[in-house]
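Here is the structure we will look at, set down as structure tokens.
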Amino acid sequence: LKLTIARLRKVAFGKSSEKIHREIAQLELSLEELESEASGDDDPIALDHPDASASITGETSLPEKRKRRALPDHLPREEVRHEPQGDCTQCGGTLKQVGEDITEILDYVPGHFKVIRHVRPSLSCRSCESMVQLPMPSLPVERGMPSANLLAHVLVSKYADHLPLYRQSGIYARDGMELPRSLLANWVGKCSSLMQPLIDAIERHVLAGSYLHADDTPVPVLDPGRGKTRQGRLWIYLRDER
């Protein structure tokens, strides 16, 4: 599919063709959907590191510990500290800081990006040397870099504002934040799994109604392996609350 898109772009270069540009846009959208659907079984660490490499020692190939890409320095930082309160829970002794872990999460507020720095000091008891550190808050994508705000913005832009992921990627790049389309597609796929309980609850509510409206809409669907589309159908149900 990527090769087909590249060939169409080559044909369109230097010659304006509305039909070709429409075909390219449609293929871009189809590629996004395939990448989103395929992300359900991805390693959550790999979502932010698609180009992670592996090292080979002897006859065994072991993956290196993947490192998160550093977020750009020019983005504003907001620090959130998670500090244990009180004295040592083991002996009641005084705690002293011996280190800290910092996790940076990419956040989005209307109009710009920012970085939330979760700082978790490691404290040691002066008496019994017990270590104390609060756990990292739960993240929507485990060990990933997007905040819930950023994921919500990507989803609303794609599905409510009809802004494809490749266009979103270009907009974010102009703001100084490189977010490849493949990474955004992975996030969308992860969000679909996170929202499944809500989807199931809405389905139960709608189908429990005493009177339903339904609509059958034919749509072209990409058929992998055949090199063309087939006709799919969307069935929409609406519960009558009257």
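With positions in the sequence shown counted from 1, the corresponding number in the numbering used here is that position plus 176.
C-beta atoms are modelled at their ideal positions from N, C-alpha and C, and glycine is treated no differently.
Short of 6 Å in beta carbon distance, which residues of its chain neighbour residue i, apart from the five on each side in sequence? Order them along the chain.
i, result
"residue 306", "264 and 266"
"residue 252", "290"
"residue 357", "341, 342 and 345"
"residue 414", "389"
"residue 309", "296 and 298"
So, with DSSP's three-state summary, where would you put residue i?
i, result
"residue 373", "helix"
"residue 342", "helix"
"residue 361", "helix"
"residue 319", "coil"
"residue 415", "strand"
"residue 390", "strand"
"residue 329", "helix"
"residue 305", "coil"
"residue 254", "strand"
"residue 408", "strand"
"residue 354", "coil"
"residue 383", "helix"
"residue 300", "strand"
Near residue i, what residues of its chain come up, given a Cβ to Cβ distance below 8 Å and the 5 sequence neighbours on each side ignored?
i, result
"residue 256", "292, 293, 294 and 295"
"residue 278", "293, 294, 295 and 296"
"residue 283", "254, 289, 290, 291, 292, 323, 325 and 326"
Is it buried or exposed for residue i, if we count other Cβ within 10 angstroms and need 16 for buried?
i, result
"residue 304", "exposed"
"residue 378", "exposed"
"residue 412", "exposed"
"residue 407", "exposed"
"residue 375", "exposed"
"residue 390", "exposed"
"residue 272", "exposed"
How many whole angstroms separate the CB atoms of residue i and residue j, which I take to be in contact at a CB cut-off of 8 Å?
i, j, result
"residue 299", "residue 340", "No, residue 299 and residue 340 are not in contact; Cβ-Cβ is about 47 Å, not under 8 Å."
"residue 416", "residue 398", "The Cβ separation is near 34 Å, so there is no contact."
"residue 248", "residue 371", "With a Cβ gap of about 29 Å, residue 248 and residue 371 do not count as contacting."
"residue 321", "residue 347", "With a Cβ gap of about 18 Å, residue 321 and residue 347 do not count as contacting."
"residue 393", "residue 409", "7 Å"
Tell me which residues share the same chain as residue i and place their Cβ nearer than 7 Å to its Cβ, disregarding the 5 neighbours each side in the sequence.
i, result
"residue 405", "396, 397, 398 and 399"
I'd like to confirm something about residue i: is its beta-carbon nearer than 8 Å to some heavy atom of the ligand FAD, or not?
i, result
"residue 332", "The ligand FAD is absent from the structure shown, which contains no ligands of any kind."
With DSSP as the reference, identify every bridge partner of residue i, one or two as the case may be.
i, result
"residue 283", "290"
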